[in-house]
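Residue numbers (the numbering used here), protein chains in the order written: chain A, 30 to 170; chain B, 27 to 170.
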């Protein structure tokens with residue numbers, strides 16, 4: 030438990046390195062919601078192969094660890110209603126805002142983008158309030 | 027072809043980073059958002075750690091071209107609008123409810139189990155309907 034921050038830092042550095050590779054090699058911003066969204070809504074047709082290659086890496090590389098490490102528990106809720114509502118909110122919200130934690134958070138803040146910083150402050154506050162209400166007041170999670 | 031290889035490597039590093047950092051553990055994410063309860067600061071290290079190499083990369087874009095193409099992305103748009111604000115509110119609510127954002131939702135598919143697939147399908151549905159929703163919103167309430 031006390032080592033969590035070190036893993037957080039190591040993982041964070043890898044995430045940033047991933048964004049740096051995508052930017053310096055392919056000239057593209059690593060935003061997960063944009064890469065996925067462009068594939069499913071048809072707006073990213075012209076570079077679907079690049080998007081797919083990226084997503085294949087995202088899914089496959091962590092699975093390499095499953096052979097050598099214990100299968101991690103993601104502690105995700107089993108409540109189907111909450112899963113459905115949250116999935117829809119994340120899908121619609123990130124595409125309306127044109128970015129999520131990776132695009133606005135990591136790539137936006139690191140270039141001091143005003144939109145990235147404002148979006149990050151807002152989704153952090155909305156997330157914090159949601160946990161406050163649903164965990165401490167309604168006690169459903 | 028080279029672009030696909032770089033994309034696969036970037037995606038792989040991204041997925042591995044999300045996996046190792048705890049971003050696919052919904053308890054850690056909700057613990058980070060639980061500022062008024064038992065707050066878990068791990069994600070500050072994740073975000074901080076990610077911003078460092080990324081800031082260096084943005085700095086390097088000033089003096090060169092991308093390896094496989096001619097242009098870097100345009101400078102950031104300074105304009106704040108309703109979509110950015112409203113979308114971020116909705117996204118934050120969904121993120122808080124389950125503890126998954128789009129990157130970790132993909133990275134955890136290989137080991138997370140069925141709830142991750144339910145979440146993914148709904149997230150993709152949301153993404154598919156958004157362009158229609160966007161135009162409906164714009165015609166219903168024209169920008170000021």
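For each residue, glycine too, the CB sits at the ideal point set by N, CA and C. For clarity, every value in this text was computed on a predicted model and none was experimentally measured.
Through-space distance from residue j to residue i, alpha-carbon basis
i: residue 35 of chain A; j: residue 89 of chain A; result: 23 Å
i: residue 113 of chain B; j: residue 144 of chain B; result: 21 Å
i: residue 76 of chain B; j: residue 43 of chain A; result: 7 Å
i: residue 48 of chain A; j: residue 54 of chain A; result: 10 Å
i: residue 105 of chain B; j: residue 126 of chain A; result: 12 Å
i: residue 99 of chain B; j: residue 75 of chain A; result: 16 Å
i: residue 71 of chain B; j: residue 67 of chain A; result: 29 Å
i: residue 73 of chain B; j: residue 166 of chain B; result: 37 Å
i: residue 147 of chain B; j: residue 69 of chain A; result: 11 Å
i: residue 66 of chain B; j: residue 52 of chain B; result: 12 Å
i: residue 60 of chain B; j: residue 159 of chain B; result: 31 Å
i: residue 99 of chain A; j: residue 89 of chain B; result: 44 Å
i: residue 129 of chain A; j: residue 152 of chain A; result: 9 Å
i: residue 84 of chain B; j: residue 168 of chain A; result: 43 Å
i: residue 141 of chain B; j: residue 41 of chain A; result: 25 Å
i: residue 121 of chain B; j: residue 111 of chain A; result: 11 Å
i: residue 95 of chain A; j: residue 54 of chain B; result: 20 Å
i: residue 46 of chain A; j: residue 161 of chain B; result: 36 Å
i: residue 122 of chain A; j: residue 142 of chain A; result: 19 Å
i: residue 119 of chain B; j: residue 163 of chain B; result: 20 Å
i: residue 101 of chain B; j: residue 109 of chain A; result: 41 Å
Any C-beta of chain A under 8 Å from that of residue i
i: residue 165 of chain B; result: no
i: residue 133 of chain B; result: yes
i: residue 76 of chain B; result: yes
i: residue 161 of chain B; result: no
i: residue 47 of chain B; result: yes
i: residue 114 of chain B; result: yes
i: residue 100 of chain B; result: no
Any C-beta of chain B under 8 Å from that of residue i
i: residue 75 of chain A; result: no
i: residue 110 of chain A; result: no
i: residue 27 of chain A; result: Coverage of chain A is limited to positions 30 through 170, which leaves residue 27 of chain A absent and any answer about it impossible.
i: residue 32 of chain A; result: no
i: residue 79 of chain A; result: yes
i: residue 105 of chain A; result: yes
i: residue 65 of chain A; result: yes
i: residue 39 of chain A; result: yes
i: residue 122 of chain A; result: yes
i: residue 58 of chain A; result: yes
i: residue 48 of chain A; result: yes
i: residue 151 of chain A; result: yes
i: residue 96 of chain A; result: no
Any non-hydrogen atom of the ligand NAP closer than 7 Å to residue i Cβ
i: residue 38 of chain B; result: With respect to small molecules bound, the structure shown includes none, and the ligand NAP cannot be examined in it.
Neighbourhood of residue i by C-beta distance below 8 Å, restricted to the same chain and skipping five residues each side
i: residue 131 of chain A; result: 44, 48, 59, 60, 61, 62
i: residue 117 of chain B; result: 127
i: residue 8 of chain B; result: Missing from the structure shown is residue 8 of chain B; chain B here goes from 27 to 170 and no further.
Cutoff 6 Å; reference residue i; Cβ partners in own chain excluding five residues on either side
i: residue 56 of chain B; result: 125
Beta-carbon separation (whole angstroms), residue i vs residue j, contact threshold 8 Å
i: residue 68 of chain B; j: residue 157 of chain A; result: Contact doesn't hold; Cβ gap of about 15 Å is too wide.
i: residue 163 of chain A; j: residue 123 of chain B; result: 7 Å
i: residue 133 of chain B; j: residue 48 of chain B; result: With a Cβ gap of about 11 Å, residue 133 of chain B and residue 48 of chain B do not count as contacting.
i: residue 84 of chain A; j: residue 37 of chain B; result: 6 Å
i: residue 151 of chain B; j: residue 120 of chain A; result: 6 Å
i: residue 46 of chain B; j: residue 39 of chain A; result: 6 Å
i: residue 28 of chain B; j: residue 50 of chain A; result: Actually they are not in contact, since the Cβ atoms of residue 28 of chain B and residue 50 of chain A sit about 12 Å apart, beyond 8 Å.
i: residue 166 of chain A; j: residue 63 of chain B; result: Not confirmed; about 11 Å, so no contact.
i: residue 144 of chain A; j: residue 103 of chain B; result: 6 Å
C-beta neighbour in chain D for residue i, strict 8 Å
i: residue 83 of chain B; result: Absent from the structure: chain D. Protein chains present are A and B.
7 Å Cβ shell around residue i - same chain, five flanking residues per side excluded
i: residue 130 of chain B; result: 44, 49, 50
i: residue 57 of chain A; result: 51
i: residue 82 of chain B; result: none
Note to self: Quick test of the definition: if touching needs 3 or more C-beta pairs under 8 Å, does the region 135 to 151 of chain B touch the region 101 to 116 of chain A?
What the structure shows: Yes: at least three Cβ pairs fall under 8 Å.
Check: Are the region 143 to 151 of chain A and the region 102 to 113 of chain B touching by the rule of at least three beta carbon pairs closer than 8 Å?
Finding: With the cut-off at 8 Å, the region 143 to 151 of chain A and the region 102 to 113 of chain B touch.
Next item on the list: Could you say if the region 78 to 85 of chain A and the region 27 to 41 of chain B meet the contact criterion of at least three C-beta pairs nearer than 8 Å?
Entry: Output reads yes: the region 27 to 41 of chain B touches the region 78 to 85 of chain A.
Next item on the list: Give a yes or no on contact between the region 138 to 145 of chain A and the region 109 to 120 of chain A, applying the rule of three or more CB pairs nearer than 8 Å.
Entry: No, they do not touch.
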